[in-house]
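Input: a single structure, listed below in C-alpha cells.
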Amino acid sequence: MVAVTVLAAVGAVAVMLAVFHWLGWTFPGLGWLLAKGAVKLCAGGAVGLVAAVAWLRQQRSGRR
C-alpha cells in the first residue's frame, strides 16, 4: 500500500514537473518556482495520505 502511494506521488510529481518546465519556456523562472512548489505539495500529500491510511487502519483494528 505504501509503495503504491509513493509510486503514485512520484508519478504525479514527474508529470507536474514536466508541465511546469514546459510553462517555464514561456515565462522564464516561473516554471521552476511552480515545479518546486508542486514537488513539495505532492510529497506532503503523499505523507498525509499514508498517515491517514495508517490512522484509519488503527481505528478499525481497535473496534474489533
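Reminder that position 49 of the sequence shown reads as 93 in my numbering, one-by-one numbering, no gaps. Backbone N, C-alpha and C fix where the C-beta goes; we use that ideal spot for every residue, glycine too.
query	result
For valine 83 and valine 57, believed in contact at Cβ under 8 Å, the rounded distance	5 Å
Coil, strand or helix - glycine 73 by DSSP	coil
Residue burial classification, alanine 98 (beta-carbon count within 10 angstroms, cutoff 16)	exposed
Cβ pair alanine 87, alanine 47 closer than 8 Å	no
Cβ shell of threonine 49 (< 7 Å), same chain only, five flanking positions each side left out	Ala90, Leu93 and Val94
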